[in-house]
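These notes concern the structure reproduced below.
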Amino acid sequence: PCLSLPPVTDLCCFATSDPGTSEENVCEAEPLEDYNMPLRIGTIFIILGTSSIGIFTPILLHYFGKQDSAIIKYTLLIGKFFGTGVILATAFVHMLPDAFDNFANPCLPAGWQSYGAFGGVFCMIASLLIQLIEFAAISNANSIHQKQTDVDAKLAVENYKATDSITERTAFDQKNPHSHELAGERAHEIGHFHTAGMLEEGQSLRNIGTLTLELGIVMHSVIIGITLANTAHDEFTTLLIALVFHQFFEGIALGTRINDMNLKSFLKPAIMSIAYCITTPLGIAIGIGIHTSFNENSPSSILVQAILDSLSAGILLYSAYVELIAMEMNHNPEFLQRSVASKAICFISLYTGAGLMALIGEWA
């Protein structure tokens, strides 16, 4: 008799006789072939150099450039809003999509896959936590300023009230004809102090925002470094080139924000810049060290990356919209009073930064 093929259903069942085999294979560690160790080590210095150029350029211009130079001022202004766009696109294009993909990874336990919005939940938690921290800091600053204002108000009239009778006060006024003027001057000083307190509060808010921004960037940078070190050879070069631009643009973004902290000493900005510069290289070094045993498909690795990406995205989104766009553009009297051309340059810089960073998302 003629040989007949088994039914298609039988073939399918035969091909997948072990339902768990394909999933287990997907979740097993994939050995990295042609692992070029010298190139991976060289990548540490490439990323270190690129990050340093990106972040130190605006900082050095701010601290050592001519403060009255219009060119430097406009360069830093463009860099600030370009960096804001970079931060926004980093959160939307580079972090959140990766977080959602990782939370949907079939290698995770079913409990994590059953709810498709974990990425958004952790992103929201990070944003609300940063808002709570800022609120606590502002409330504390307001309390301190109010107490100091009350003390100064009492001191302003203390000498005049210290006299016990009208006669003594009259004698006091005759001996001190300028006492009322002094009290008035003191009250004027209190008004200045209140204004200074508001300015100090705004500066404190900017400083907190910059620190939280760096925290979000640093958390993401470690993941980037480990991922790059464990990327297959055929994809490595493309990812490296994309990350070179990624780190450069992100460095500009953070550097311009550090400038807004108005720190008198160059030491603190230098420390913050160095922390940014070494984070991704440190991640690469860790990735190189564990490349023989690292399994990017293990549930623990996937979960850590997903949570960190979500938290980082929440921090950057809050920073971009609240600290940067709202404070520097929508509610900034100085910005609102700029010429139409100046505003247009700022908006174009913002959109250009976001667009370029979104484009890099095709490869990184």
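Going by this note's numbering, the first residue of the sequence shown is number 23, and it counts up by one from there. Yeah, the Cβ is synthetic: ideal placement off N, Cα and C, and Gly gets one too.
When you compare each of Ile280, Ile306 and Ala264 to isoleucine 81 by their alpha carbons, which one comes out closest? Ile280
Below 8 Å, can you find three or more Cβ-Cβ pairs linking the stretch 337 to 349 to the stretch 71 to 78? no
From which residue to which residue does the alpha helix (DSSP H) around glycine 87 run? Taken as a continuous stretch (DSSP letters only), glycine 87 belongs to no alpha helix (DSSP H), as it is neither H nor E.
Look at the alpha carbon of threonine 43 and the alpha carbon of glutamate 50, and state the distance between them as a whole number of angstroms. Because threonine 43 carries a pLDDT of 47, less than 50, the predicted location of this residue cannot be relied on, and no value is offered for it.
Ordered along the chain, which non-local residues of its own chain (more than five positions away) have a Cβ less than 6 Å from that of alanine 275? Gly105, Val108 and Ile109.
Rounded distance between the beta-carbons of histidine 242 and aspartate 394, thought under 8 Å: Beyond the ends of the chain as shown, which are 23 and 386, falls residue 394; an answer cannot be given.
Tell me whether the stretch 247 to 262 and the stretch 54 to 72 touch, counting them as touching only if at least three CB pairs, one residue from each stretch, are closer than 8 Å. As far as the Cβ criterion goes, the stretch 247 to 262 touches the stretch 54 to 72, which means the pair count is three or higher.
From lysine 102 to valine 240, what distance separates their C-alpha atoms? 19 Å
Methionine 117 and alanine 376: beta carbons closer than 8 Å? No. Outside cutoff.
Element boundaries [alpha helix (DSSP H), containing cysteine 299]: 289 to 311
Whole angstroms is fine: what's the gap from alanine 126's alpha carbon to tryptophan 134's? C-alpha separation (whole angstroms): 8 Å.
With a cut-off of 8 Å, do at least 3 Cβ pairs link the stretch 56 to 65 to the stretch 298 to 317? yes
Every unbroken alpha helix (DSSP H) within the stretch 348 to 374, with a cutoff of 4 residues, ordered by chain: Listed in chain order, the alpha helix (DSSP H) runs fully inside the stretch 348 to 374 are 355 to 358, counting runs of at least 4 residues.
Exposed or buried, glutamine 327, counting other C-beta atoms within 10 Å across all chains shown (16 or more means buried)? Label assigned to glutamine 327: buried.
Nonlocal neighbours in the same chain, by C-beta distance under 7 Å from glutamate 156, ignoring five residues either side: Leu227 and Ile230
What distance in whole Å lies between the Cβ atoms of phenylalanine 271 and leucine 403, which are believed to be in contact at a cut-off of 8 Å? Here the chain comprises residues numbered 23 to 386, so residue 403 is not present and cannot be evaluated.
Under the three-state DSSP convention, the category tryptophan 385 falls into: coil
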